[in-house]
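First residue of the sequence shown: 1, per the UniProt record's numbering; consecutive thereafter.
Comments concern the structure below.
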Amino acid sequence: MQLEALLNYPRALPAMPRAVSDLLAEMNKEDPSPKRVGELIGHDPALTTRVLRLSNSAFFRVSRKVGSADEAVALLGMTHVRSLVMAAALGASFKNVPGMDLQQFWRYSLRVAEIARSLAGVLHQNPGNAFTAGLIHAIGILVMHIAMPDEMALVDMGTPPLDLQRALAERNHLGYTYAEVGAGMAEKWQFPQEMVTALACQNEPFEGDNYDRLAGLLHLASWRARAEEIQLDNAGLVATFPDLIGLTLGLDLDNVLEKDPSEWSFSQALGAFIE
């Protein structure tokens with residue numbers, strides 16, 4: 001299937017829920033209103049339940065039970081609310097995907113999001129944008145498996161979804177990769193252009209006319225998370241580290257592998273909504 005046809009295939013590319021669209025529009029404003037965000041969450045009973053569950057989880061160690069969306073927004077902050085909204089929307093949209101281990105996929109995606117947020121702090125980029133971009137960076141793989149299950153099964157057989165050579169295998173087989181598909185979906189979901197561009201360029205962030213630091217950050221975060229998933233040894237880490245991208249960003253192998261200040265309990269709570 002050609003890329004344009006895939007991006008217009010309704011069964012594979014779900015429409016963004018209205019509640020999520022309204023929430024993201026508000027949170028993308030220069031000065032979003034916490035009150036308005038709380039009201040919009042409150043209009044969606046399922047989303048309200050998830051937000052309250054997270055607010056009352058052990059991660060936040062609240063001294064009293066949080067009973068409303070307004071209280072939850074005040075406690076979580078916009079960055080975590082944005083991530084939660086995206087996770088809830090994606091989890092609801094991709095419940096059954098042929099040939100994909102969704103628990104592994106979301107675990108990996110959350111790990112990329114955490115690493116991206118950590119690296120963003122080092123590179124003086126927006127950690128919230130990096131986290132959200134990391135969370136959705138590989139969503140194109142799910143779209144492709146829904147639209148082309150038989151064709152993707154052939155790709156998976158030679159190169160599993162989280163293999164370090166996955167993007168190359170997809171390009172050789174299809175002429176495009178999950179990166180372009182994910183960017184197309186993000187554009188249809190009216191994500192900020194900065195994020196759409198980063199998703200599209202993540203596999204080649206500094207080649208040709210491309211120079212996108214967020215895309216480079218995503219590339220390094222994805223490399224590290226994939227290396228963890230396939231349990232690369234030290235020799236494998238050294239051999240596969242994308243050193244040219246690291247050099248462009250001013251990061252070496254040790255920088256990228258340093259223990260990051262990840263909020264593991266937040267990821268575990270978030271993962272409960274998208275398994």
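Even for Gly, the Cβ is constructed at its ideal location relative to N, Cα and C.
Burial state of residue i (16 or more Cβ within 10 Å)
i, result
"residue 203", "buried"
"residue 207", "exposed"
"residue 49", "exposed"
"residue 44", "buried"
"residue 354", "No answer is possible for residue 354: the residues shown for the chain start at 1 and end at 275."
"residue 205", "buried"
"residue 161", "buried"
"residue 166", "buried"
"residue 129", "buried"
"residue 84", "buried"
"residue 55", "buried"
"residue 118", "buried"
"residue 230", "exposed"
Chain-order list of residues whose beta-carbon lies under 7 Å from that of residue i (same chain, five-residue window excluded)
i, result
"residue 1", "147 and 148"
"residue 158", "169"
"residue 225", "108, 111, 112 and 115"
"residue 125", "213, 214 and 217"
Element boundaries [alpha helix (DSSP H), containing residue i]
i, result
"residue 24", "18 to 27"
"residue 83", "69 to 93"
"residue 151", "149 to 158"
"residue 198", "193 to 201"
"residue 136", "127 to 136"
"residue 210", "From DSSP, residue 210 is part of no alpha helix (DSSP H); its letter is neither H nor E."
"residue 99", "Here residue 99 belongs to no alpha helix (DSSP H), and DSSP marks it neither H nor E."
"residue 15", "Looking at the DSSP string, residue 15 is not in any alpha helix (DSSP H), and its letter there is neither H nor E."
"residue 240", "234 to 240"
"residue 188", "178 to 188"
"residue 255", "253 to 257"
"residue 55", "45 to 55"
"residue 66", "Here residue 66 belongs to no alpha helix (DSSP H), and DSSP marks it neither H nor E."
"residue 7", "3 to 7"
"residue 41", "34 to 42"
8 Å Cβ shell around residue i - same chain, five flanking residues per side excluded
i, result
"residue 196", "183, 186 and 187"
"residue 89", "16, 17 and 20"
"residue 33", "26"
"residue 242", "219, 220 and 223"
"residue 9", "1 and 147"
Own chain, CB closer than 6 Å to residue i, minus 5 neighbours either side, in chain order
i, result
"residue 22", "40"
"residue 37", "26 and 73"
"residue 42", "48 and 69"
"residue 178", "138, 140 and 141"
Residue-chain proximity (residue i, chain B), Cβ-Cβ < 9 Å
i, result
"residue 130", "Absence of chain B from the displayed structure is noted, only one protein chain being present."
Do three or more CB pairs link the segment 235 to 255 to the segment 208 to 222 at distances below 8 Å?
Judged by Cβ distances under 8 Å, the segment 235 to 255 makes contact with the segment 208 to 222, as three or more pairs qualify.
For the segment 126 to 146 and the segment 79 to 95, state whether three or more C-beta atom pairs, one from each stretch, are separated by less than 8 Å.
When Cβ pairs closer than 8 Å are counted between the two stretches, the segment 126 to 146 is seen to touch the segment 79 to 95, the count reaching three or more.
Does the segment 98 to 109 come close enough to the segment 210 to 217 that 3 or more CB-CB pairs lie under 8 Å?
No, the segment 210 to 217 is not in contact with the segment 98 to 109.
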